[in-house]
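Below is one structure; the comments refer to it alone.
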Ligand code: HEC
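Numbering (this note's numbering), first residue to last: 220 to 409.
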């Protein structure tokens, strides 16, 4: 292929990657960078939906990704969801679903430590390596509804203890902890 054809092909591929997704009707408002992010003004290209591809260099691209991927809050949001689905799994005696969420929850805890290394000590010391994570997993494997229910309560307490240890005790009023406070009484026929 001639260089010009290659260039056009690459451009088309890049454009289709950037726009191969649903689009709502544009307002016609002029694109502009948010004033809060001064760094963006250094970009040579004008603001566009290609917020990564149009950055001046890869360092800036990675910096933008790092900003967007946030810190502990995004994994914790997901951890809250998976923790509650674990509660549902235990309620329904669906230990396979429980293990599914419990293993992913461990991965998200490790993501948190990668992004915010000052949290790793409590993530590992209180949760992943203290026996809490393993005991919950063993309880799920045992398929014993009583064991799962009792381990879940320990997990709940440790989640909240870590928030206190990280000076975020106010988060323990999050609705997820209220919803998972207790289990419906377990009947053998459940
Ligand atoms: C390191 C100890 C630690 C452990 C263990 C921990 N958390 Fe967190 N959690 C945090 C920190 C730190 C934040 C605040 C994140 C931030 O600074 O943005 C948080 C935030 C949260 C939030 C609020 C997220 C948001 O912004 O919407 C929820 C919900 C949450 N955690 C649930 C849980 C649950 C459920 C567990 C147990 C399965 C758990 N956490 C275990 C440290 C921990």
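We put the beta carbon where it would ideally sit given N, CA and C, even for glycine.
Computed from a predicted structure; not experimentally measured.
For the candidate residues the options, whose alpha-carbon lies nearest to that of residue i?
i           : options            : result
residue 371 : 383, 357, 382      : 357
residue 250 : 258, 242, 270, 241 : 270
residue 255 : 286, 379, 388, 353 : 286
residue 395 : 361, 239, 295, 353 : 295
residue 315 : 240, 361, 353, 242 : 361
Could you tell me whether the Cβ atoms of residue i and residue j are closer together than 7 Å?
i           : j           : result
residue 263 : residue 275 : yes
residue 317 : residue 359 : yes
residue 320 : residue 343 : no
residue 377 : residue 351 : yes
residue 364 : residue 312 : yes
residue 367 : residue 309 : yes
Excluding the five sequence neighbours on either side, which residues of its own chain have a C-beta within less than 7 Å of the C-beta of residue i, listed in chain order?
i           : result
residue 323 : 301
residue 381 : 341, 345, 346
residue 339 : 332
residue 374 : 351, 355
Report all residues from its chain with a CB closer than 6 Å to the CB of residue i; omit the five preceding and five following residues, and keep chain order.
i           : result
residue 273 : 264, 267
residue 298 : 324, 327
residue 280 : 271, 274
State the DSSP-derived secondary structure class of residue i, mapped to helix, strand or coil.
i           : result
residue 393 : coil
residue 409 : Because residue 409 sits at a pLDDT of 49, beneath the cut-off of 50, its placement in the model cannot be relied upon, and the following sentence gives the value as read from the coordinates. Coil, per DSSP.
residue 270 : coil
residue 375 : helix
residue 333 : helix
residue 322 : helix
residue 339 : helix
residue 247 : coil
residue 240 : coil
residue 306 : helix
Looking only at its chain, what residues have a beta carbon closer than 8 Å to the beta carbon of residue i, apart from the 5 residues adjacent to it on each side?
i           : result
residue 260 : 252
residue 398 : 303, 306
The region 344-354 contacting the region 386-404, beta-carbon criterion three pairs below 8 Å: no
Meets three-Cβ-pair contact criterion under 8 Å: the region 319-337 and the region 285-292: A contact between stretches requires three or more CB pairs, one per stretch, nearer than 8 Å, and the region 319-337 meets this requirement with the region 285-292.
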